[in-house]
């Protein structure tokens, strides 16, 4: 469904990715872990070309989505609708709950009127936010708690019916209970969506993901089933990192 | 980078080795009494057994707490999981040593030696070597030493079968030998169990070092990980 093939990326002269290849399995959670600056967020952003926004960024290699290279004449609006991203800090628009979630379907012309209201409700139900905010849809999104805001951002993505959710440290601004709730949500969502998550939290990667890739200095050192990576990694560098001996 | 966690692991390892040393001493004492036909030094044995039992509880408790508090991964996780298993095997070996001493008491009380013992001393020697090699493999993190233990277990099993056949034939021909014959069969059974537990420890060392589960298929060198669920 989604595959990186020998992806190399430069920010100006700096070579941030040095030939990364990985296959993302559908309806699964793939975690990318590694120390700061290893290129994991850069790799994640390659999956929906968010790096295009960075000045001086140059990408080589291929990222195939349903067999098509997204770096070769791919409609970016369509790409980002189908491959959505959740960021480290919740970033709701300074609008109401309903306007946030309805924004995508409305600008993509996917729904209006009752259809739009139904789409908003469905997206809020999918993130289990409906029970909390269903009776105050006109409230400012920024008045919600941090966890609710992150759920809202995920609802906003789901409202445009994506296939893939990219999550860049989605819990790093949340407390442990909110983190647990978002992790539970991820496990629910993987029934219908393919999720790629970047996390600094190795326990989180171990808890939620089916596959894990360990990156170091712009290279993918090891990729495999999470239960194998965290119990019997094959590469010494992975072993050192996950046991805290790295550095 | 030096980790504080390494000190916790080293302390646990030291306790396991202390436990291993006590168990080795218990086997040595039981074998000495068996072959010299002497009564055991009960006080020393009871002290060793208490120490082994206490260490098993301490090791299990420490391993569990370190798993909960440190959330270890990879080699650290395998070490803690195996430390608990190894301590359990050591404790059972200690029980077998006690059984040997008790049966030796009945054997001596049953009368003079039936026959010169050949296979039983050999078994005891191999079992002690198995445990020593398994624990050395643990200390040195050396799976090849542990693999040697797996091979030795076949010799122990062969000794036990020969002893059983020999004692059975003797008891069938002369009822007066039954008590002592049964004692020897029981002791050979205890030694065989010691060999099995030493084998378990060796398998646990191999898993700890190589993440390779060799249980039930020693020769096959199974790939890391368990069979598919």
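Protein chains in written order, with our numbering: chain H, 2 to 248; chain D, 983 to 1211. We put the beta carbon where it would ideally sit given N, CA and C, even for glycine. Remember, it's a predicted structure, so these values are computed and weren't measured experimentally.
Within-7 Å CB hit, residue i to chain H
{"i": "residue 1067 of chain D", "result": "no"}
{"i": "residue 985 of chain D", "result": "yes"}
{"i": "residue 1056 of chain D", "result": "yes"}
Interface flag, residue i vs chain D, CB-CB below 7 Å
{"i": "residue 198 of chain H", "result": "no"}
{"i": "residue 4 of chain H", "result": "no"}
{"i": "residue 170 of chain H", "result": "no"}
{"i": "residue 223 of chain H", "result": "no"}
{"i": "residue 240 of chain H", "result": "yes"}
One or two residues paired with residue i in a DSSP bridge
{"i": "residue 1112 of chain D", "result": "According to DSSP, residue 1112 of chain D bridges with nothing at all."}
{"i": "residue 1035 of chain D", "result": "For residue 1035 of chain D, which the question treats as bridged, DSSP gives no partner whatsoever."}
{"i": "residue 199 of chain H", "result": "H:33, H:169"}
{"i": "residue 5 of chain H", "result": "H:23, H:64"}
{"i": "residue 87 of chain H", "result": "H:168"}
{"i": "residue 213 of chain H", "result": "H:32, H:225"}
{"i": "residue 141 of chain H", "result": "H:97"}
{"i": "residue 12 of chain H", "result": "H:15, H:58"}
{"i": "residue 50 of chain H", "result": "None, per the DSSP bridge assignment."}
{"i": "residue 220 of chain H", "result": "H:217"}
{"i": "residue 118 of chain H", "result": "The partner list for residue 118 of chain H (beta bridge, DSSP) is empty, contrary to what the question assumes."}
{"i": "residue 69 of chain H", "result": "H:66"}
Listed by chain order, chain H residues near residue i by CB distance under 9 Å
{"i": "residue 1059 of chain D", "result": "231, 232, 244"}
Under 7 Å from the C-beta of residue i: neighbouring residues of chain D
{"i": "residue 204 of chain H", "result": "1053"}
CB-CB length for residue i against residue j, believed under 8 Å
{"i": "residue 148 of chain H", "j": "residue 179 of chain H", "result": "3 Å"}
{"i": "residue 232 of chain H", "j": "residue 1059 of chain D", "result": "6 Å"}
{"i": "residue 166 of chain H", "j": "residue 93 of chain H", "result": "Actually they are not in contact, since the Cβ atoms of residue 166 of chain H and residue 93 of chain H sit about 17 Å apart, beyond 8 Å."}
{"i": "residue 107 of chain H", "j": "residue 96 of chain H", "result": "That belief does not hold up - the Cβ atoms of residue 107 of chain H and residue 96 of chain H are roughly 11 Å apart, past 8 Å."}
{"i": "residue 1116 of chain D", "j": "residue 1183 of chain D", "result": "4 Å"}
{"i": "residue 1049 of chain D", "j": "residue 1062 of chain D", "result": "5 Å"}
{"i": "residue 28 of chain H", "j": "residue 208 of chain H", "result": "With 8 Å as the limit, residue 28 of chain H and residue 208 of chain H do not qualify as a contact, their Cβ atoms being about 18 Å apart."}
{"i": "residue 1173 of chain D", "j": "residue 1106 of chain D", "result": "6 Å"}
{"i": "residue 1045 of chain D", "j": "residue 1066 of chain D", "result": "5 Å"}
{"i": "residue 1083 of chain D", "j": "residue 988 of chain D", "result": "Going by Cβ atoms, the distance from residue 1083 of chain D to residue 988 of chain D rounds to 39 Å, so no, they are not a contact pair."}
{"i": "residue 105 of chain H", "j": "residue 121 of chain H", "result": "No, residue 105 of chain H and residue 121 of chain H are not in contact; Cβ-Cβ is about 10 Å, not under 8 Å."}
{"i": "residue 217 of chain H", "j": "residue 238 of chain H", "result": "6 Å"}
Within chain H, the residues that residue i reaches when beta carbons sit closer than 7 Å
{"i": "residue 1193 of chain D", "result": "232, 233"}
* Asked: Taking Cβ-Cβ distances below 8 Å as the criterion, which residues of the stretch 1111-1133 of chain D are in contact with chain H?
  -> Flagged: no residues at all.
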